[in-house]
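Protein chains in written order, with full-length UniProt numbering: chain S, 1 to 453; chain W, 1 to 263.
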C-alpha cells in the first residue's frame, strides 16, 4: 500500500496542475497513477478503465477539426466508451459478465488481466483454470495437421489391404462387376466413385456376391458370369456410381433417375437402423438398366447399403450397425471357385479388372507382370503373398514340447551366465569381480584370466 | 518360232536399280505399360512399347561406360596449370658456353633442371570429357529404361500438370500417398517442361523453402542423364517425354534391313 499511496499523492498533484503549463507527465505514468488511485478507491473498480487518450486530452476539439463540422459523426467518446459492437450487444440485451470485485482484487497487477475482465466475450464466458478441453495450438506437427485438414489428398487407390481374405473378395468383386457390365453391354471402365471403396456396409453386398455370383467357363476358356438373381445384375451395375454424376446429382437426366427427394428418402430408409428393402421403384430402375442401350450411361442411385437380403439365410442382418466388426471375412469368400480360372486375355476386360482391383486393394501391380496375367489365379498370386514360414521356436511353443517338465525353450542363447543365475551364484560372482575391479561380462580371454570363484 | 518371253522387271538391267534393296526389320515383340494419371495414379489405359526399347537385357558394362562418359562430360575443364619452359618469364640467352666450362651444358635458365625453371611435363588445363559411340550411348539409355521397366520402377504418367501450390507439404503428401517418398527409396519425376510450382516444391528455391528433396527430384526431360535414371528408387515420367527420349536414342536400331534380291 505504501507505493500506492505515494503514487496516489503524485497523481493528486498531477491532477491539480494544468498539463499545458508545467512539468510533463507521460501517459504511462499517468495511467499507473490513475490505476493506483483506482485501486485505493474500490468503489470505482467496476467502471471501465478510462486510460485512453480521451480521458486526458480533449479529443472533441480534434474530431471537430478533422471532420470540419461542429457535430462530428460517431460517438461522443470513441476511445473511452465501450465499442460499437459492445453497445449493440447491450442493446440486444445480452448480459455482459461483470467481473466481480473479488476477482479483481485477487488478480495480478498486470494490465492484461484487467483487460480480460473488462472485455465481454459473451454470456457463457468463464475463464479456464486448467487446460482440459481447450483447443491445443502450436504443438509438434500442429501446422502440418492444419495443412492436412485444409488440403486433403485423395488418390485413386484405396488404402492397402493386408488381409488375404479381403484381397480375395476384392478380386472376386472386381471380376463380378466387370463381367456384369460386359454382359449388360456397358462400357467396362467407369469412374468408380472412390467413396464406394471405404464403405463398411459393403459387406452385405459382398456376402450376396459370394453366394449368388458364379462363373461358368466355356470350352474356349472364356468366362461367363451367372447370377442367381436377375435383378442382381442391375443392382451391381447400379452400385458403381460414376464420379461426376455422383457429384452433380443432376435433376435433368431422363428416365431412370429418381428425383432428389425420393432418393433422399430412400437413403434415410437405408441408412437407418434396419436395412430397408430396395423400394420397388429402385428395383425397377436397377432392372431397367439391363435393357438400356450402351449409349446411356448407367446413371443411378448411389445405394450405400445393401439391397433386400434373403432374411432366412442371414441372421446377421440384425447386426447391421457394425457388420465389419462382427462378421468373419471368411464368410465373404466366394462359394464357387470357378472364378479363379476366368480368362483375362481380353485386353479390355483385363484393364477393367486390374483397375478395379488396384482401387479396392491399394496394391499396384508392376507393368512387366501385367502381361503375364492371363487368368485371375495369376492375378491373385501377384496380390496375395504366401504366409511366411513359421519359425522353429513358434512351432515348438505351439507343441506339447514346451509343456514337458524337462524342456525349456529360450528366446536367446543359453549362456553360462544364465546357468549361474539359475543356480543363484551369479550375484556373488558379480560382486566378487566388482571387488577386484574386473568386468563381469566380456570375451573369453578376459574371463579365463579372471580368478575362479 | 517361239515368242520370246518378256523378262520380269527386276531382271532387266537398269543401272538405277539398287543392287541391294531394303526390307523392314523382323517384328519385335511388344511389352505392356500402364499409363497413369498424375498425381492420383489412376490407370488410364494400356500402351505398348517395342521390346528393343523397353525390354532390353541388362548390360551393366554398357551402363557403366555411359555413366563414366557422362561424368567426364560434366566434369568440365581440369584447371591445374604449370608453366612450361617456354612460358617462364625470362630471356633465352645461353647461360654459359657449350664447351670449356667443365660443367654440364646449359641453354637458358628456364630449363626444368634448374631451380626457377619450368615444369617439364606438368599439368595443363584440359578437357576431361571422353567420347562414346553414339549407338552405344543410345543403347545405354534404353538399357537403363529397360532396367527400370523390368523392376517395375518405371511409372508412365499421362501428363504432369503444375501443382496448385508450391508448398512442399503438398507435394510431400502426394509422394507419400503414392509410396514415392523417402521411405520408399525416393523418386525422380521427369517432365517435358519446367513447371514452376512443382519444381519449387520439390527442389526448393534459393532463399526460400528447402523443398521436398529428401523425397526425390524433379527434372526436365532435356536435363536428365542415364545416371539420373539409375540413381533414385523409381522414375515417374511423362509419356510424351518417354516417347521423345526413346525416339532420340534409337540410332542403333535399324529401321530397315538390307536384303539381297534374288531373282
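For each residue, glycine too, the CB sits at the ideal point set by N, CA and C.
Predicted model, so just to flag it, every value in this text is computed and none were measured.
Check your understanding: Cα separation between residue 268 of chain W and residue 101 of chain W?
Key -> This structure cannot settle anything about residue 268 of chain W, because the visible part of chain W is limited to 1 through 263.
Review point. Chain B partners of residue 75 of chain S, CB-CB under 8 Å?
Key: Among the chains of the structure shown, chain B does not appear; the protein chains present are S and W.
Review point. According to a CB-to-CB cut-off of less than 9 Å, which residues of the stretch 338-362 of chain S neighbour chain W?
Key: Those residues of the stretch 338-362 of chain S that come within reach of chain W (Cβ to Cβ, closer than 9 Å) are 347, 350, 351, 354, 355, 358, 359.
**Study point:** CB contact check: residue 187 of chain S to chain W, cutoff 8 Å
**Key:** The residue given as residue 187 of chain S occupies position 187 in the first chain. By this cut-off, residue 187 of chain S is not an interface position.
Point to revise | Three or more C-beta pairs below 8 Å linking the stretch 186-193 of chain W and the stretch 221-235 of chain W | key: Between the stretch 186-193 of chain W and the stretch 221-235 of chain W there are three or more inter-stretch CB-CB distances shorter than 8 Å, so the stretches are counted as touching.
Practice item. Using a cut-off of 7 Å between C-beta atoms, extract the partners of residue 151 of chain S located in chain W. Key: For the purposes of this step, residue 151 of chain S is taken as the residue at position 151 of the first chain. Near residue 151 of chain S (Cβ distances below 7 Å), the residues of chain W are 170.
Practice item. Inspect the beta-carbon positions of residue 233 of chain S and residue 180 of chain S and report whether they are closer than 8 Å. Key: Here residue 233 of chain S is taken as the residue at index 233 of the first chain, counted from 1. Here residue 180 of chain S is taken as the residue at index 180 of the first chain, counted from 1. Against a cut-off of 8 Å, the Cβ pair of residue 180 of chain S and residue 233 of chain S comes out as a contact.
Point to revise | the stretch 196-203 of chain W in contact with the stretch 160-173 of chain W per 3-pair CB rule at 8 Å | key: yes
Check your understanding: Enumerated in chain order, which unbroken segments of the alpha helix (DSSP H) with a length of 4 residues or greater are wholly contained in the stretch 41-82 of chain W?
Key -> The qualifying runs are 51-54, 60-75.
Review point. For residue 217 of chain S and chain W, any beta-carbon pair shorter than 8 Å?
Key: Start at 1 with the first residue of the first chain, and residue 217 of chain S comes out as number 217. So, not an interface residue.
**Study point:** C-alpha gap between residue 107 of chain W and residue 117 of chain W, whole angstroms
**Key:** The residue you call residue 107 of chain W lines up with position 107 of the second chain. The residue you call residue 117 of chain W lines up with position 117 of the second chain. Their backbone Cα atoms lie some 12 Å apart in a straight line.
Review point. So residue 365 of chain S packs on residue 354 of chain S, CB below 8 Å; how close in whole Å?
Key: Here residue 365 of chain S refers to the residue found at position 365 when the first chain is read from its first residue. Here residue 354 of chain S refers to the residue found at position 354 when the first chain is read from its first residue. Their Cβ separation, rounded to whole angstroms, is 6 Å, which keeps residue 365 of chain S and residue 354 of chain S in contact under 8 Å.
Review point. Residues of chain S with CB under 8 Å from residue 52 of chain W, in chain order?
Key: Sequence index remark: in the second chain, residue 52 of chain W carries index 52 (1-based). Near residue 52 of chain W there are no residues of chain S at all, since even the closest Cβ is about 15 Å away, more than 8 Å.
Exercise for review: Find out if the Cβ-Cβ distance for the pair residue 215 of chain S, residue 357 of chain S is shorter than 8 Å.
Suggested key: Counting from 1 along the first chain, the entry for residue 215 of chain S is found at position 215. Counting from 1 along the first chain, the entry for residue 357 of chain S is found at position 357. Not a contact, by the Cβ cut-off of 8 Å.
Check your understanding: Under 8 Å between C-beta atoms, does residue 72 of chain S make it to chain W?
Key -> On the first chain, residue 72 of chain S is found 72 positions in, with the first residue counted as 1. No - not a single Cβ of chain W is within 8 Å of the one on residue 72 of chain S.
Exercise for review: Compute the Euclidean distance between the alpha carbons of residue 198 of chain W and residue 208 of chain W, then round it to the nearest angstrom.
Suggested key: As a first step, residue 198 of chain W is located in the second chain; it is residue number 198 there, counting from the start. As a first step, residue 208 of chain W is located in the second chain; it is residue number 208 there, counting from the start. Residue 198 of chain W and residue 208 of chain W have their C-alpha atoms spaced approximately 14 Å apart.
Check your understanding: Can you give the beta carbon distance from residue 32 of chain W to residue 149 of chain W, rounded, assuming they're within the 8 Å contact cut?
Key -> As a working note, residue 32 of chain W is residue 32 in the second chain. As a working note, residue 149 of chain W is residue 149 in the second chain. A Cβ-Cβ separation of about 10 Å leaves residue 32 of chain W out of contact with residue 149 of chain W under the 8 Å criterion.
Practice item. Identify the continuous beta strand (DSSP E) that holds residue 171 of chain S and give its terminal residues. Key: Start at 1 with the first residue of the first chain, and residue 171 of chain S comes out as number 171. Here residue 171 of chain S belongs to no beta strand (DSSP E); instead the alpha helix (DSSP H) covers 164-183.
Point to revise | Residue environment, residue 271 of chain S, which counts as buried when at least 16 other CB atoms sit within 10 Å | key: Position 271 of the first chain holds residue 271 of chain S. Its pLDDT being 41, under 50, residue 271 of chain S is placed unreliably in this model, and the coordinates cannot settle the point.
**Study point:** Local Cβ density within 10 Å of residue 115 of chain W, reported as buried at 16 or more and exposed below that
**Key:** Start at 1 with the first residue of the second chain, and residue 115 of chain W comes out as number 115. When all chains shown are included, residue 115 of chain W counts as exposed.
Review point. Alpha carbon to alpha carbon, how far is residue 390 of chain S from residue 176 of chain S?
Key: The residue you call residue 390 of chain S lines up with position 390 of the first chain. The residue you call residue 176 of chain S lines up with position 176 of the first chain. Straight-line Cα distance between these residues: approximately 35 Å.
Exercise for review: Within 10 angstroms of the Cβ of residue 34 of chain S, are there 16 or more other Cβ atoms? Answer buried if so, exposed if not.
Suggested key: Here residue 34 of chain S corresponds to residue number 34 of the first chain, with the count starting at 1. Answer is buried; the Cβ neighbour count reaches 16.
Review point. Listed in chain order, which residues of the stretch 368-379 of chain S have Cβ atoms closer than 8 Å to some Cβ of chain W?
Key: 368, 369, 370, 371
Point to revise | Cβ of residue 170 of chain S within 8 Å of any chain W Cβ | key: Counted from its first residue, the first chain places residue 170 of chain S at position 170. Taking Cβ atoms only, chain W never reaches closer than 8 Å to residue 170 of chain S, which makes this a no.
Exercise for review: With 8 Å as the threshold, decide whether the Cβ of residue 174 of chain W is near any Cβ in chain S.
Suggested key: For the purposes of this step, residue 174 of chain W is identified with residue 174 of the second chain, where counting begins at 1. Taking Cβ atoms only, chain S reaches closer than 8 Å to residue 174 of chain W, which makes this a yes.
Exercise for review: Assuming residue 50 of chain W and residue 28 of chain W form a contact by the criterion Cβ under 8 Å, report the distance between their Cβ atoms to the nearest whole angstrom.
Suggested key: On the second chain, position 50 is the one that residue 50 of chain W refers to. On the second chain, position 28 is the one that residue 28 of chain W refers to. At roughly 5 Å, the Cβ-Cβ gap stays under 8 Å, so residue 50 of chain W and residue 28 of chain W are in contact.
**Study point:** residue 147 of chain W burial status per 10 Å Cβ neighbour count (16 or more: buried)
**Key:** The count along the second chain starts at 1 and reaches residue 147 of chain W at position 147. Buried, because 16 or more other Cβ atoms sit within 10 Å of the Cβ of residue 147 of chain W.
Review point. Of the residues that make up the stretch 126-144 of chain S, which ones have a beta carbon closer than 7 Å to any beta carbon in chain W?
Key: 144
**Study point:** Check: residue 146 of chain W C-beta below 7 Å from any heavy atom of the ligand SAM
**Key:** Only the bare structure without any ligand can be found here, which leaves the ligand SAM out of the picture.
Exercise for review: Flag this pair as touching only if the stretch 158-173 of chain S and the stretch 220-233 of chain S have three or more C-beta atom pairs under 8 Å; answer yes or no.
Suggested key: Too few Cβ pairs lie closer than 8 Å, so no.
Exercise for review: Leaving aside the five residues before and after residue 126 of chain W along the sequence, list all residues of the same chain whose C-beta is less than 6 Å from its C-beta, in chain order.
Suggested key: In the second chain, the residue the question calls residue 126 of chain W occupies position 126. These residues qualify, in order along the chain: 78.
Review point. List, in order along the chain, the chain S residues whose C-beta lies closer than 8 Å to that of residue 230 of chain W?
Key: The residue you call residue 230 of chain W lines up with position 230 of the second chain. Here the premise fails: no neighbours, minimum Cβ distance about 17 Å.
Exercise for review: For residue 42 of chain W, return the contacting residues in chain S, with the cut-off set at a CB-CB distance below 7 Å.
Suggested key: By 1-based counting over the second chain, the position of residue 42 of chain W is 42. Simply 156.
Review point. With a Cβ-Cβ cutoff of 8 Å, do residue 226 of chain W and residue 70 of chain W count as a contact?
Key: Position 226 of the second chain, counted from the first residue, corresponds to residue 226 of chain W. Position 70 of the second chain, counted from the first residue, corresponds to residue 70 of chain W. Contact: yes.
Practice item. Out of S:80, S:60, S:81, S:79, state which residue places its alpha-carbon closest to the alpha-carbon of residue 71 of chain S. Key: Here the question's residue 71 of chain S lines up with position 71 in the first chain. When each option's Cα is compared against that of residue 71 of chain S, the closest is S:60.
Review point. Is residue 225 of chain S near residue 169 of chain S, with beta carbons less than 8 Å apart?
Key: Numbered from 1 along the first chain, position 225 holds the residue referred to as residue 225 of chain S. Numbered from 1 along the first chain, position 169 holds the residue referred to as residue 169 of chain S. No.
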